[in-house]
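Just so we're aligned: 236 in the numbering used here is position 233 of the sequence shown, and the numbers increase by one with no gaps anywhere. Ideal Cβ placement from N, Cα and C applies to all residues, glycine included. Because the structure is a prediction, the values reported are computed rather than measured. Notes follow the structure.
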Amino acid sequence: MSVRLDCVVGARPNFMKMAAVFKEIRRRPHFRARLIHTGQHYSPEMSEAFFRELELPAPDCNLEIGQGTPTVQTAGILQRLEPLFLQDRPDAVIVVGDVNSTVAAALVAVRLGIPIAHVEAGLRSFDRGMPEEINRLVADVISDFLFVTEPSGVKNLLAEGMSSDKIFLVGNVMIDTLLSSLSQAEHSDVLERFGLDPRGYAVVTLHRPSNVDDPERFRGLLSALSELARSLPVVFPIHPRTRQHLERGGWDTTGLQLLPPLGYLDFLRLMSQARLMLTDSGGIQEETTILNVPCLTLRENTERPITVEQGTNQLVGIDPDTILAAARRSLAAPSPAPRAPDLWDGQAAHRILDILENALIHKTAVR
Ligand code: UD1
4 MSVRLDCVVG ARPNFMKMAA VFKEIRRRPH FRARLIHTGQ HYSPEMSEAF
54 FRELELPAPD CNLEIGQGTP TVQTAGILQR LEPLFLQDRP DAVIVVGDVN
104 STVAAALVAV RLGIPIAHVE AGLRSFDRGM PEEINRLVAD VISDFLFVTE
154 PSGVKNLLAE GMSSDKIFLV GNVMIDTLLS SLSQAEHSDV LERFGLDPRG
204 YAVVTLHRPS NVDDPERFRG LLSALSELAR SLPVVFPIHP RTRQHLERGG
254 WDTTGLQLLP PLGYLDFLRL MSQARLMLTD SGGIQEETTI LNVPCLTLRE
304 NTERPITVEQ GTNQLVGIDP DTILAAARRS LAAPSPAPRA PDLWDGQAAH
354 RILDILENAL IHKTAVR
């Protein structure tokens, strides 16, 4: 008997998570998998490059939804995914993370009564102004398997009334991919290309609508970063959303080394050798925790509290003076002691597939 899984991805942070899951599925003879790309991220630098580097096969289907408001993108996914599921009905659908594609694919599956596995369930920032928070809440409430990365996720899901039978603390598939890619990333020449010394520079990423869409806030963040660049090189790979704002002009980016979005291995190398990371990304808070690189998160909240409790992450908010003071303190401090949250050990996908195999193939109680 073979069980068919449809794995849906859409945006950059999905690819490294699904890569670990997809590889594990292919190792198991009972499963057949289809990889479906919604096309939410469509530029070669945001999508194709990642498939190559992560050794993901070309998607079996690409819904090519492309540019549009979140509502238009969601509507496109609903319309184009339903016929695929109807034509060749999978036994379960796997979605990862918290992007618009995650929730849209889950909505199509739930309508058709197809079991949903949500990988990276339960994370909560408790900030409903973030599109990702709504995506997380909706995806979780309609999923059948909730695969969780950290204990806070279990607590959140139970507090929302989710049945404990559905909740599985399995670790972090993004860290599976990071650990298995580190040796390859060492061959990247990204430091040489941009003239950087190991441990001698800071890396910045910014793309949250709350930080880059508001001109006053964005200006304040850029001013703190420019000031920091007087102390050490500051490299800033620019996300397309952020680039669109920068291209409108009128910004002061003095001293910042602005780069295009980088591929996975280049970025992993760049992060792993950084003296300091400043970011509003969710995933980077986790990656720097494992890489033991101090991370300042330019947000008021995090849905990944374990990175603050056990990792290298500090929430510093968006006030320019506070950011600068935290950066200076971090630069003056010795390197943090290495720590890794429980189960962030490279085996999360293995645990997930064991659970799915028991439930979908052996039909045994999963607990
Ligand atoms: C999305 C995710 C966010 C994730 C981020 C990582 C949601 C709600 N947000 O945000 O959680 O952290 O991806 O990158 O799903 N664009 C391009 N090329 C592309 C993709 C996008 O130029 O390949 C442009 C779009 O046209 C749009 C802007 O970038 O104008 C933003 O893209 P969008 O997919 O709406 O959200 P992100 O900000 O990338």
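Environment of residue i [buried if 16+ CB atoms lie within 10 Å]
i: residue 150; result: buried
i: residue 164; result: exposed
i: residue 215; result: buried
i: residue 306; result: buried
i: residue 171; result: buried
i: residue 129; result: exposed
i: residue 210; result: buried
i: residue 44; result: buried
i: residue 252; result: exposed
i: residue 417; result: With the chain represented from 4 up to 370, any question about residue 417 goes unanswered, as that position is not in the structure.
i: residue 338; result: exposed
i: residue 109; result: buried
i: residue 152; result: buried
i: residue 133; result: buried
i: residue 190; result: exposed
i: residue 4; result: exposed
Which residues DSSP lists as bridging residue i, in chain order
i: residue 282; result: 208 and 300
i: residue 65; result: 40
i: residue 170; result: 149
i: residue 12; result: 40
i: residue 238; result: 206 and 260
i: residue 316; result: 298
i: residue 6; result: 34
i: residue 75; result: DSSP output for residue 75 lists no bridge partner at all.
i: residue 311; result: DSSP output for residue 311 lists no bridge partner at all.
i: residue 157; result: Residue 157 pairs with nothing; no bridge assigned.
Cβ-heavy atom distance, residue i to ligand 2, below 8 Å
i: residue 14; result: Among the ligands modelled here, namely ligand 1, ligand 2 does not occur.
Check your understanding: Is the number of C-beta pairs between the region 260-270 and the region 230-243 that are closer than 8 Å three or more?
Key -> yes
Review point. At what residue ranges does the region 79-120 contain a whole run of the alpha helix (DSSP H), taking only runs of 4 or more?
Key: 103-114
Exercise for review: For the region 171-204, list the alpha helix (DSSP H) runs that are entirely contained and at least 4 residues long, ordered along the chain.
Suggested key: 176-188 and 193-196
Check your understanding: Enumerated in chain order, which unbroken segments of the alpha helix (DSSP H) with a length of 4 residues or greater are wholly contained in the region 208-233?
Key -> 212-215 and 218-231
Check your understanding: Counting Cβ pairs closer than 8 Å, one from the region 272-279 and one from the region 190-209, do we hit at least three?
Key -> yes
Point to revise | contact_flag[the region 348-363, the region 319-328] where n(CB pairs < 8 Å) is 3 or more | key: no
Practice item. State whether the region 137-146 contacts the region 109-122, with contact taken as three or more CB pairs (one from each stretch) at a distance under 8 Å. Key: yes
Check your understanding: For the region 46-60 against the region 74-92, are there 3 or more C-beta pairs whose distance is under 8 Å?
Key -> no
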